[in-house]
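In the working numbering, the protein residues as written are 78 to 216. Here's the structure, in structure tokens; my notes come after.
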Ligand SMILES: [Zn+2]
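Here it is in structure tokens:
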């Protein structure tokens, strides 16, 4: 699929509350939180909470880390670990370049987040009880 959005769109910054984020996710992907997907701004990989679970990673990290960090990208080369990862890269929303989205939690704390992926990209499903994907734990 051609991606004509370019870097500007990819890095488009938004600030929204956690409630707004959850609402948008449910609207776009349905109520099953395992299917909620975010797009890595660095490599464009779209990962769901189910992908993280399947990779043996904490599903709560979806939207905050590229799944590549759990699939071999860490310690990879200057290409963001893309050569060593089975998919994704070593990007994290809380890294040097934050976001591109900012989620304002109920307590006012701001958490950097990847952008929500386009609908239709999330193909993996889980079913059982929700990963608290976007429920970003603040503890
Ligand atoms: Zn990535």
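From the three backbone atoms N, C-alpha and C, an ideal C-beta is built for every residue, glycine too.
Check: Local conformation of residue 116 per DSSP, three classes; Outcome: strand
Check: Helix, strand or coil at residue 151 according to DSSP, with G and I counted as helix; Outcome: coil
Check: Pick from 168, 192, 173, 167 that is closest to residue 179, judged by C-alpha positions; Outcome: 192
Check: Check your reading: residues with Cβ closer than 6 Å to ligand 1 heavy atoms; Outcome: 117, 119, 120, 122, 143, 145, 165, 166, 168
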